[in-house]
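These notes are about the structure you will find just below.
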Amino acid sequence: MKIGKKSKSDMFWGYLMIFPTILGLIVLNIYPFIETIIMSLSSTKAFGAYEFSGIQNYVEMFSSQEFWKATWNSIWFCILTVPVGIFLALILAVLLNTKIKGRSIFRTIYFLPMVVAPAAVAMVWKWLFNAEFGIINSVLGTHIKWITDPKIVLITCAIVSIWSSLGYDAILLLSGIQNISKSYYEAASLDGASKVKQFFTITVPMVSPTLFVVLIMRLMASLKVYDLIYMMVDQANPALTDAQSLMYLFYRESFIAGNKGLGSAIAIWTVLLIGIVTVIQFIGQKKWVNYEV
Amino acid sequence: MKNLKRLFAGALALGMVLTTSACGGGSDSSADGKVNLTFQIWDVGQKAGMEAMCDAYTEKNPNVNIEVQVAGWNEYWTKLEAAATGNKLPDIFWMHTNEIYKYADNGILEDVSDIVETDNFSDISLKNAQGSDGKLYGVPKDKDVICLAYNKELFDQAGVAYPDDTWTWDNLVTASQEIYDKTGKYGYMAYADDQLGYWNFVYQNGGYILNDDKTKAGFDQPATIEAMKFYIGLQDYEWCPNQDYFGEQAPGTAFLSGQGAMYFEGNWNLLPTLQNNPDLNGKLQIAVLPKAPNPVSGDGRATISNGLCYATGANNPNAEVVKDVLKFFGSEEGQRIQGESGAAIPAYEGLEDTWVSAFANYDIDVSPVLEMFDYGVQSVNNASRPEWKTKVSDELLKIYSKQVSIDDGLANMQKIIDEASAG
Numbered sequence: 001m002k003i004g005k006k007s008k009s010d011m012f013w014g015y016l017m018i019f020p021t022i023l024g025l026i027v028l029n030i031y032p033f034i035e036t037i038i039m040s041l042s043s044t045k046a047f048g049a050y051e052f053s054g055i056q057n058y059v060e061m062f063s064s065q066e067f068w069k070a071t072w073n074s075i076w077f078c079i080l081t082v083p084v085g086i087f088l089a090l091i092l093a094v095l096l097n098t099k100i101k102g103r104s105i106f107r108t109i110y111f112l113p114m115v116v117a118p119a120a121v122a123m124v125w126k127w128l129f130n131a132e133f134g135i136i137n138s139v140l141g142t143h144i145k146w147i148t149d150p151k152i153v154l155i156t157c158a159i160v161s162i163w164s165s166l167g168y169d170a171i172l173l174l175s176g177i178q179n180i181s182k183s184y185y186e187a188a189s190l191d192g193a194s195k196v197k198q199f200f201t202i203t204v205p206m207v208s209p210t211l212f213v214v215l216i217m218r219l220m221a222s223l224k225v226y227d228l229i230y231m232m233v234d235q236a237n238p239a240l241t242d243a244q245s246l247m248y249l250f251y252r253e254s255f256i257a258g259n260k261g262l263g264s265a266i267a268i269w270t271v272l273l274i275g276i277v278t279v280i281q282f283i284g285q286k287k288w289v290n291y292e293v
Numbered sequence: 001m002k003n004l005k006r007l008f009a010g011a012l013a014l015g016m017v018l019t020t021s022a023c024g025g026g027s028d029s030s031a032d033g034k035v036n037l038t039f040q041i042w043d044v045g046q047k048a049g050m051e052a053m054c055d056a057y058t059e060k061n062p063n064v065n066i067e068v069q070v071a072g073w074n075e076y077w078t079k080l081e082a083a084a085t086g087n088k089l090p091d092i093f094w095m096h097t098n099e100i101y102k103y104a105d106n107g108i109l110e111d112v113s114d115i116v117e118t119d120n121f122s123d124i125s126l127k128n129a130q131g132s133d134g135k136l137y138g139v140p141k142d143k144d145v146i147c148l149a150y151n152k153e154l155f156d157q158a159g160v161a162y163p164d165d166t167w168t169w170d171n172l173v174t175a176s177q178e179i180y181d182k183t184g185k186y187g188y189m190a191y192a193d194d195q196l197g198y199w200n201f202v203y204q205n206g207g208y209i210l211n212d213d214k215t216k217a218g219f220d221q222p223a224t225i226e227a228m229k230f231y232i233g234l235q236d237y238e239w240c241p242n243q244d245y246f247g248e249q250a251p252g253t254a255f256l257s258g259q260g261a262m263y264f265e266g267n268w269n270l271l272p273t274l275q276n277n278p279d280l281n282g283k284l285q286i287a288v289l290p291k292a293p294n295p296v297s298g299d300g301r302a303t304i305s306n307g308l309c310y311a312t313g314a315n316n317p318n319a320e321v322v323k324d325v326l327k328f329f330g331s332e333e334g335q336r337i338q339g340e341s342g343a344a345i346p347a348y349e350g351l352e353d354t355w356v357s358a359f360a361n362y363d364i365d366v367s368p369v370l371e372m373f374d375y376g377v378q379s380v381n382n383a384s385r386p387e388w389k390t391k392v393s394d395e396l397l398k399i400y401s402k403q404v405s406i407d408d409g410l411a412n413m414q415k416i417i418d419e420a421s422a423g
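Line by line, the protein sequences give chains A and B. The working numbering puts the first residue of the first sequence at 1, with every later residue one more than the last. The working numbering puts the first residue of the second sequence at 1, with every later residue one more than the last.
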């Protein structure tokens with residue numbers, strides 16, 4: 001679109017229209033972001049007082065074992081949730097796209113977890129996974145310490161996370177699948193391609209732009225995981241440090257220990273981490289995302 | 001990037017404090033000369049009691065109007081800190097020993113030394129209302145202790161004598177074993193907790209968590225180490241669930257469902273527990289805490305005694321009225337109304353019985369609670385506690401999960417507290 005010949009009046013109205021959004025962005029996002037950077041370079045005291053202290057918070061952060069553990073926990077959580085979650089969402093989307101009875105009911109059911117408050121989700125799952133009285137152990141006949149075994153706790157959280165995001169991702173992918181022209185499948189069927197072959201050679205490449213968006217969103221959300229772990233893993237849980245994500249550490253440092261400077265440094269580190277992962281994604285997408293429909 | 005929004009929810013909240021005044025609400029004087037005050041508390045169970053107290057005051061002072069507001073415990077402190085930062089504190093609010101140093105030492109609270117009649121309150125109550133400088137920054141509200149809660153029914157089933165004031169730690173162990181052997185239920189449930197757990201044992205044994213001038217920890221003291229080893233070691237018995245179990249359900253929950261026979265409970269939770277679980281009536285009984293059998297010093301008795309106070313912000317525009325209200329809250333009349341509502345044990349000496357009367361409809365003898373005030377120990381605190389609190393509790397969890405040995409863990413706890421307290 002060329003804007004060379006647009007009148008000044010149009011420009012004015014354009015800016016006026018986006019002004020509320022821009023204002024919101026500045027007040028709610030950009031200003032706090034800058035403030036966070038400043039705080040990460042300050043030694044903070046209670047009630048908003050702080051003084052500049054250079055990179056001291058970062059030095060403290062990088063020399064803390066807890067911090068590296070939390071970083072790894074966040075990355076490990078991504079590895080656990082993203083590939084499996086997206087693969088399942090894609091399968092689900094394909095299934096929801098077939099002509100079955102009560103299709104819209106199924107779509108609603110799968111979407112429901114997204115609507116339920118994460119805190120409520122975690123509360124229910126916490127009891128399902130309870131080692132002593134939980135239904136999962138009693139059905140499986142096992143005595144697995146789902147929530148308190150340091151090696152298992154993040155896998156448990158990952159299962160709940162996948163469960164809650166599955167429906168939302170599937171609906172997004174479904175919209176991408178529905179944009180694929182039927183003629184491709186008809187042609188493939190005539191040539192004798194199996195359903196599986198059609199899935200990998202038509203569906204996956206054609207839905208890849210949507211898949212890419214879902215992937216980016218899911219990675220960001222997983223690296224920032226906080227509420228789920230906070231609700232699932234109690235303060236008295238011996239596996240706490242093995243489940244503590246970066247954002248959980250941020251919360252504990254900032255709001256429990258009252259060290260907002262260090263907390264801000266952790267937040268900035270998380271932004272960088274997400275930034276790096278996202279940049280890699282955007283470079284990698286050239287190899288597999290197909291924008292030609 | 002849109003996702004910054006969620007990422008910086010915390011920073012955002014701080015930013016908002018600077019630009020809006022959504023939190024709390026200061027006093028104002030309306031046109032008709034009436035003074036409207038706000039009163040912020042965190043316990044919804046005490047709202048009626050607080051309102052009754054306010055009504056008694058406003059009846060005599062019709063020109064004052066007090067509105068009681070409740071916010072949940074966690075939300076309360078986030079809200080109060082934001083309000084203090086934005087200079088929009090409620091006119092009157094509850095203050096807790098965990099937080100009082102932070103508020104008092106930063107000049108947020110008004111010095112109320114002139115309106116507190118110190119003769120009416122115990123030393124512990126007064127200490128719980130002091131800042132680091134020793135001045136009173138709150139009017140003592142209530143006091144509490146930790147007691148031994150037990151399930152009478154399980155004791156009957158096992159044929160074990162009920163706990164009483166002759167009990168030592170040894171009785172706790174043998175009774176637990178017997179209950180476990182005869183009923184298959186857990187005995188005393190010991191878990192990773194400070195105020196409701198190891199603090200009591202450490203002080204009973206003559207040890208300490210913080211020294212008298214609150215500059216150094218006591219985890220290197222033989223008495224402390226001995227008590228910690230005893231307490232943590234309880235989970236090695238078959239009759240005590242391990243920390244994994246308590247990571248999923250609190251001892252209170254296990255007690256309610258009849259899974260365990262004993263646990264330490266704060267007296268403030270007794271009435272709500274009975275109110276919310278009518279079937280516990282008669283089963284839930286309490287005793288004084290078992291004493292240390294061979295204390296390194298002292299008589300082996302101790303219980304952690306904490307207390308809240310009523311505070312107001314420095315530079316309140318209606319300071320005179322607010323102080324008059326606070327004075328009433330600290331008076332015999334105000335404290336009596338609080339006690340009779342069952343809200344809490346009044347800090348005012350001699351009014352303890354008013355709280356006991358709130359249990360008239362239940363089959364429970366709460367008098368052991370009052371006995372224990374004789375040897376109560378002030379809840380452990382210093383100005384840097386927020387800094388070391390989570391680190392110490394993480395370290396304790398590492399000991400429980402055997403990631404560090406108990407000796408190394410205690411040495412680490414000592415180091416964490418000493419370093420935080422020095423800075």
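Even glycine gets a Cβ: it sits at the ideal position worked out from N, Cα and C. Just so you know, these numbers come straight off a predicted model, no measurement behind them.
| query | result |
| --- | --- |
| Could you tell me how far apart the beta carbons of B:Asp123 and B:Leu37 are, in whole angstroms, since I believe they sit closer than 8 Å? | About 30 Å; that fails the 8 Å criterion. |
| So A:Gly48 and B:Thr85 are supposed to be a Cβ contact under 8 Å. How far apart are they, rounded? | 4 Å |
| Are the CB atoms of B:Gln221 and B:Gly207 nearer to each other than 8 Å? | yes |
| Can you pull the chain A neighbours of B:Tyr245, defined as C-beta to C-beta under 7 Å? | Glu132 |
| Say whether chain A places a C-beta atom closer than 8 Å to the C-beta of B:Cys23. | Because the pLDDT of B:Cys23 is 38, which lies under 50, any placement of that residue in the model is unreliable, and the question is left without a value. |
| Find the residues of chain B that neighbour A:Thr148, judging by a C-beta separation of less than 7 Å, and give them in chain order. | Asp244, Gly247 and Glu248 |
| Cutting at 7 Å between CB atoms, please list the residues of its own chain near B:Ser125, excluding the five before and the five after it. | Pro140, Lys143, Gly307 and Ala347 |
| Among B:Thr58, B:Trp268, B:Val145 and B:Ala82, which residue has its Cα nearest to the Cα of B:Thr303? | B:Val145 |
| What three-state label does DSSP hand A:Trp269 in the structure shown? | helix |
| Please list the segments of the alpha helix (DSSP H) lying wholly inside the stretch 2-59 of chain A, counting only runs of 4 or more residues, in order along the chain. | 8-25 and 31-40 |
| For the stretch 80-101 of chain B, enumerate the residues whose C-beta is nearer than 8 Å to any C-beta of chain A, in chain order. | Glu81, Ala84 and Thr85 |
| Using the Cβ count rule (16 or more neighbours within 10 Å means buried), how would you classify B:Gln259? | buried |
| Would you please verify whether the beta carbon of A:Ile256 is less than 8 Å from any beta carbon of chain B? | yes |
| Can you find the residues in the same chain that come closer than 6 Å, C-beta to C-beta, to B:Met413, ignoring five residues on each side of it along the sequence? | Phe219, Val392 and Glu395 |
| Between which two residues does the beta strand (DSSP E) holding B:Gln285 run? | Leu284 to Ala287 |
| Quick check on A:Leu16: buried or exposed, where buried means 16 or more other Cβ atoms within 10 Å of its Cβ? | exposed |
| If the criterion is Cβ atoms closer than 8 Å, does the pair A:Leu166 and A:Leu240 meet it? | no |
| Which chain B residues sit within Cβ distance under 8 Å of A:Thr241? | Asp394, Leu397 and Lys398 |
| According to the Cβ coordinates, are A:Ala265 and A:Asn57 closer than 8 Å? | yes |
| Note down, in chain order, each residue of its chain lying with its Cβ closer than 6 Å to the Cβ of B:Tyr400, except the 5 sequence neighbours on either side. | Ala192 and Gln243 |
| Taking the Cβ atom as the reference point for each residue, do B:Gln40 and B:Phe93 lie within a distance shorter than 8 Å? | yes |
| If you pair each beta-carbon of the stretch 220-235 of chain B with each one of the stretch 250-265 of chain B, do three or more pairs fall below 8 Å? | no |
| Could you tell me which residues DSSP pairs with B:Phe121 in its beta bridges? | B:Tyr348 |
| Do you know offhand how far B:Ile364's Cα is from B:Trp167's? | 19 Å |
| Is it the case that the stretch 14-31 of chain A contacts the stretch 225-237 of chain A, given that we only count it when at least three CB pairs across the two stretches are under 8 Å? | no |
| Quick check on A:Lys182 - is its C-beta less than 8 Å from some C-beta in chain B? | no |
| Using a Cβ-Cβ cut-off of 8 Å, state whether A:Pro238 counts as contacting chain B. | yes |
| Quick check on B:Ala192 - is its C-beta less than 8 Å from some C-beta in chain A? | yes |
| Please list, in chain order, the residues of the stretch 108-129 of chain B that have any C-beta partner in chain A closer than 8 Å. | Ile108 |
| So which residues on chain B does A:Arg252 lean against when the C-beta distance must stay under 8 Å? | Thr390 |
| DSSP three-state label for B:Ala422, please. | helix |
| Taking 8 Å as the CB-CB limit, is B:Gly183 close to chain A? | Reading off the sequence shown, one finds Thr at residue 183 of chain B, where the question assumed Gly. With 8 Å as the cut-off, B:Thr183 does not count as an interface residue toward chain A. |
| Using 8 Å for Cβ pairs, my map puts B:Lys47 next to B:Val64. What's the rounded Cβ distance? | The pair is not a contact, with the Cβ atoms about 19 Å apart (cut-off 8 Å). |
| Name, please, each residue of chain A whose Cβ falls closer than 8 Å to the Cβ of B:Ser401. | Pro150, Pro238 and Ala239 |
| For the stretch 46-70 of chain A, which residues have a beta carbon sitting closer than 7 Å to at least one beta carbon of chain B? | Ala46, Phe47 and Gly48 |
| Compute the Euclidean distance between the alpha carbons of A:Asp234 and A:Gln244, then round it to the nearest angstrom. | 11 Å |
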